[in-house]
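Enquirer:
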Amino acid sequence: MGTGHTRWRWRSRAAGLTRAVGGGDHAGVYPTIHAALICYFTALVLLLAARRDGVARVAYSLGLALLVAHVLLAYHGFHGWSQAHVLAHTAGQTFAVAGVRTSVGVYVNYAVMAVWLADVVWWWRSGAGAYRRRGRGVTVAVHAFLLFVTFNATVVFASGVVSWVGVGAFAVLAGLVARVALRGSTATPVESESRGAG
17 MGTGHTRWRW RSRAAGLTRA VGGGDHAGVY PTIHAALICY FTALVLLLAA
67 RRDGVARVAY SLGLALLVAH VLLAYHGFHG WSQAHVLAHT AGQTFAVAGV
117 RTSVGVYVNY AVMAVWLADV VWWWRSGAGA YRRRGRGVTV AVHAFLLFVT
167 FNATVVFASG VVSWVGVGAF AVLAGLVARV ALRGSTATPV ESESRGAG
């Protein structure tokens, strides 16, 4: 009986620690999406600053991998692999924020992963320095979509520290875009491939 009681106490403590850092079965759901967004913004900052395309590509790719991990962890730990639960949960969140009960955000998130994946594959197939040399319209369209969704996730639907960090991150990006525009360059200035891949 003593041994069983000891095991129960250790399991209780472990469960309490897990809840403290991630929330039981939800552990890893929030850290992975936060890390994914950090990687994404890092890649954008490097691209806008015309520095280290190779590092930017790795950060961009890692961000995608973390996003996929976030979705899988959420499906497993929070939604129990139930698409119906995902749709209902999303509809409830949207109603609470926007007053409209819709689950279209679920499919928007799927589109984000598809667009991000296609962009990552293109970048790896085309070379580190090729990303900033492709058609400006393609790059603007991709990141306008990703940033629109990111803004809603970090500022509109989030609260507290996450929301304020999101505002700060978008302010930094806006400043970099303004700087690029004032320099009379493209959204992603062309630099030598040797510098970009450094």
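In case it helps, my numbering puts the sequence shown at residues 17 to 214.
Glycine is no exception: its CB is placed at the ideal position from the N, C-alpha and C atoms.
Note that the coordinates shown come from a computational prediction; the quantities given were computed from them, not determined experimentally.
1. How many angstroms separate the CA atom of H127 from the CA atom of V154?
2. Under the rule that 16 or more other beta-carbon atoms within 10 Å means buried, what is Y76, buried or exposed?
3. Label F164 either buried or exposed according to how many other C-beta atoms from any shown protein chain fall within 10 Å of its C-beta, with 16 as the threshold for buried.
4. Compare the Cα-Cα distances from R73 to each of R199, G143, V172, N125 and report the closest residue.
5. From V171 to V177, what does the alpha carbon distance come to, in whole angstroms?
6. With C-beta atoms as the reference, is V61 less than 8 Å away from L192?
7. A52: which of G96, A146, L63, V84 sits nearest, CA to CA?
8. Y269 to V122, Cα distance in whole Å?
9. Please specify which runs of the beta strand (DSSP E), each continuous and at least 3 residues long, are wholly inside the segment 58-95, giving them in chain order.
10. Please name the residue, chosen from A190, L89, G70, V156, that lies closest to W146 on a Cα-to-Cα basis.
11. Quick one: Cα of P47 to Cα of V158, how far?
12. What's the call for V45, buried or exposed, on a 16-neighbour Cβ count within 10 Å?
13. In terms of alpha-carbon separation, which member of L80, A107, L64 lies closest to L198?
14. Taking the alpha carbon of A114 as the point to measure from, which residue in F173, A130, L82, W132 has its own alpha carbon closest?
15. Who are the near neighbours of A194 in its chain, counting only those whose CB is closer than 8 Å to its CB and skipping five residues on each side?
16. Going by beta carbon distance, what residues of the same chain come within less than 6 Å of W97, once the five residues before and after it are set aside?
17. Tell me which residue opens and which closes the alpha helix (DSSP H) that V120 is part of.
18. Between which residues of its own chain and V124 is the CB-CB distance below 8 Å, once the five residues before and five after are set aside?
19. Rounded to whole angstroms, how far is the Cβ of L78 from the Cβ of C55, which I believe are closer than 8 Å?
Expert: This is what the structure gives:
1. For the purposes of this step, residue 127 is taken as residue 111 along the sequence shown, with counting starting at 1. For the purposes of this step, residue 154 is taken as residue 138 along the sequence shown, with counting starting at 1. It should be noted that the sequence gives Ala, not His, for residue 127. Here the alpha carbons of V154 and A127 stand approximately 16 Å from one another.
2. For the purposes of this step, residue 76 is taken as the residue at position 60 of the sequence shown. For Y76, the number of other beta carbons within 10 angstroms of its own is at least 16, and it is reported as buried.
3. As a position in the sequence shown, residue 164 is number 148, starting the count at 1. With fewer than 16 Cβ atoms within 10 Å of its Cβ, F164 is classed as exposed.
4. Taking the sequence shown and counting its residues from 1, the one referred to as residue 73 is at position 57. Ranked by how close their Cα comes to the Cα of R73, the residues R199, G143, V172, N125 have G143 in first place.
5. Stepping through the sequence shown from its first residue, residue 171 is reached at position 155. Stepping through the sequence shown from its first residue, residue 177 is reached at position 161. About 10 Å.
6. Residue 61 sits at position 45 when you count from the first residue of the sequence shown. Residue 192 sits at position 176 when you count from the first residue of the sequence shown. Yes.
7. Along the sequence shown, read from residue 1 onward, the residue named residue 52 stands at position 36. Selection G96, A146, L63, V84 evaluated against A52 yields V84 as nearest (Cα-Cα).
8. Outside the displayed span of the chain (17 to 214) sits residue 269, for which this structure offers no information.
9. If you keep only unbroken beta strand (DSSP E) runs of at least 3 residues inside the segment 58-95, you get nothing at all.
10. Taking the sequence shown and counting its residues from 1, one reaches residue 146 at position 130. Looking at the sequence shown, residue 146 is not Trp but Ala. Of A190, L89, G70, V156, the residue nearest in Cα terms is G70.
11. Taking the sequence shown and counting its residues from 1, one reaches residue 47 at position 31. Taking the sequence shown and counting its residues from 1, one reaches residue 158 at position 142. Distance between the alpha carbons of P47 and V158 is about 24 Å.
12. One-based indexing of the sequence shown puts residue 45 at position 29. V45 comes out buried.
13. Counted from its first residue, the sequence shown places residue 198 at position 182. In terms of CA proximity to L198, L64 leads the group L80, A107, L64.
14. Within the sequence shown, numbered from 1, the residue matching residue 114 stands at position 98. Nearest to A114 by C-alpha distance, out of F173, A130, L82, W132, is F173.
15. For the purposes of this step, residue 194 is taken as the residue at position 178 of the sequence shown. None.
16. Here residue 97 refers to the residue found at position 81 when the sequence shown is read from its first residue. Hits under 6 Å: Y91.
17. For this step, residue 120 is matched to residue 104 along the sequence shown. In this chain, the alpha helix (DSSP H) harbouring V120 covers 120-142.
18. Start at 1 with the first residue of the sequence shown, and residue 124 comes out as number 108. The beta carbon of V124 is closer than 8 Å to those of V165 in its chain, skipping five residues each way along the sequence.
19. As a first step, residue 78 is located in the sequence shown; it is residue number 62 there, counting from the start. As a first step, residue 55 is located in the sequence shown; it is residue number 39 there, counting from the start. That belief holds up - the Cβ atoms of L78 and C55 are roughly 5 Å apart, short of 8 Å.
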